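Residue numbers (my numbering): 1 to 311. Note that CB positions come from ideal geometry on N, CA and C, so glycine has one too. Computed from a predicted structure; not experimentally measured. This report concerns only the one structure given below.
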Amino acid sequence: MPVLEVRGVSKRYGKNLVVDDVSFIIEEGETYGLLGPNGAGKSTTIGMIIGILQRDAGTIRIDGAEHSVTNSRTKALIGFAPQEIAVYKDLSARDNLRFFARLYGLSGARARAKADEVLEMVGLSDHAGEAVSTFSGGMARRVNIGLSLLNDPKLLILDEPTVGVDPQSRNSILESVQALTRGGLSVLYTTHYMEEAERLCDRVGIIESGRLRAEGTQRELVAQVGEDDTVLVTLGGPADKALDRLRALDRVSEVSADGTRIRLLTEDARGVLPSVLRTLTEEDMDIRSVEVQEPDLEAVFLRLTGKGLRE
Ligand SMILES: Nc1ncnc2c1ncn2[C@@H]1O[C@H](COP(=O)(O)OP(=O)(O)OP(=O)(O)O)[C@@H](O)[C@H]1O
Ligand SMILES: [Mg+2]
1 MPVLEVRGVS KRYGKNLVVD DVSFIIEEGE TYGLLGPNGA GKSTTIGMII GILQRDAGTI
61 RIDGAEHSVT NSRTKALIGF APQEIAVYKD LSARDNLRFF ARLYGLSGAR ARAKADEVLE
121 MVGLSDHAGE AVSTFSGGMA RRVNIGLSLL NDPKLLILDE PTVGVDPQSR NSILESVQAL
181 TRGGLSVLYT THYMEEAERL CDRVGIIESG RLRAEGTQRE LVAQVGEDDT VLVTLGGPAD
241 KALDRLRALD RVSEVSADGT RIRLLTEDAR GVLPSVLRTL TEEDMDIRSV EVQEPDLEAV
301 FLRLTGKGLR E
């Protein structure tokens, strides 16, 4: 039985359908990534899953049971770390955790023990007594994640936990998540960093403009769009002129243009690059930049949506 089952969930704000018929499941012990750019609908989807937002359509099941804001059994299975850090800055990391553990109904002694256990899990034992106001963004994030672990969740939901975090803390957050999943926790992880999705997630759903465009393992997603490399050339002027000649080149399977940018698919980017550049030079085109992408999630995203993840 999946830990989370989201079926046909939609959310509308006025005229805007910001989550449009989204369905996916997370199996026990699985880490599922929701990968999409700003405004794609990730946080709104999560809001409906944790029950702070009313959905306009669809069903959500947790551990097989119909989930709603009033179902305390299913709610108790979820741990949630919001995108915005929600901790008391003047309190120490340990006191934040103890305070929230007491709110969850743990007795004083159990709250203290739980706080220490969680501090260990997020790698903050050495800074337990320090006020969060003295922490780096990444350390504060880890306190935020710690809070979501206090109720021993079965499903951990992390909404962009590495935004605004220094590289060292990012690494430490990713390692903590990996350690938690090794312990059997199921995780829903949103991000717009494809490297994180590639590193952490067993399966990835690509979300854009409220729609789940594709999902699968990284290998499956790459296979869906083909194994070709992508060559992106940005020009100083319109790209149309050279397209037919580029299409005629050996080993080039597809050429398209978007304003001043040419996108070319090929089984062998290194091999065709010299003739691509030669052709553009012969056509007197002003080459501003050239980028080669091997098939990865970024390339999948680009193929599916015509946009980069971070444009
Ligand atoms: N309360 C609201 N009222 C109206 N529109 C909203 C509201 N909350 C979100 N939206 C819109 O819904 C869309 C999806 O927003 P959402 O916050 O879910 O995106 P996201 O994928 O989490 O983005 P980010 O990566 O920036 O966090 C956006 O276009 C946003 O402007
Ligand atoms: Mg968000």
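Straight-line gap, residue i to residue j (C-alpha atoms, nearest Å)
| i | j | result |
| --- | --- | --- |
| LEU235 | ARG278 | 14 Å |
| SER133 | SER186 | 31 Å |
| VAL231 | GLY146 | 42 Å |
| GLU291 | ARG98 | 50 Å |
| VAL18 | ARG142 | 29 Å |
| ALA40 | ALA109 | 43 Å |
| ASN38 | ILE287 | 30 Å |
| VAL225 | SER256 | 15 Å |
| LYS114 | ALA101 | 7 Å |
| ARG251 | GLU298 | 22 Å |
| PRO161 | LEU280 | 43 Å |
First and last residue of the uninterrupted alpha helix (DSSP H) at residue i
| i | result |
| --- | --- |
| SER92 | Unbroken run through SER92: none, as it is neither H nor E. |
| ALA299 | 297 to 305 |
| GLY271 | 269 to 282 |
| GLU196 | 194 to 200 |
Under 8 Å between C-beta atoms of residue i and residue j
| i | j | result |
| --- | --- | --- |
| TYR104 | ASN96 | no |
| VAL118 | ASP63 | no |
| ARG199 | LEU174 | yes |
| MET121 | LEU91 | no |
| GLY205 | GLU215 | yes |
| SER176 | GLY138 | no |
| GLY79 | LEU156 | yes |
| ASP315 | GLY210 | Any property of residue 315 remains undetermined from this structure, which presents the chain solely from 1 to 311. |
| ALA242 | GLU283 | yes |
| ALA128 | ALA81 | no |
Opening and closing residue of the beta strand (DSSP E) in which residue i lies
| i | result |
| --- | --- |
| ARG263 | 261 to 266 |
| THR217 | It is not in any beta strand (DSSP E) - THR217 carries neither H nor E in the DSSP assignment. |
| ARG247 | Per DSSP, ARG247 belongs to no beta strand (DSSP E); it is in the alpha helix (DSSP H), 243 to 247. |
| GLY236 | Per DSSP, GLY236 belongs to no beta strand (DSSP E) and is neither H nor E. |
Worksheet item: In chain order, which continuous runs of the beta strand (DSSP E) of length 3 or greater are located wholly inside the segment 103 to 174?
Response: 155 to 159
Practice prompt. With a floor of 4 residues, list each alpha helix (DSSP H) that falls wholly inside the segment 37 to 74, ordered by position along the chain.
Written response: 42 to 50
Item to complete: Specify which residues have a beta carbon nearer than 5 Å to any heavy atom of ligand 1, listing them in chain order.
Response: TYR13, VAL18, ASN38, GLY39, ALA40, GLY41, LYS42, SER43 and THR44
Worksheet entry | Length at least 3, wholly inside the segment 1 to 43: the beta strand (DSSP E) runs in chain order | 4 to 13, 16 to 26 and 31 to 35
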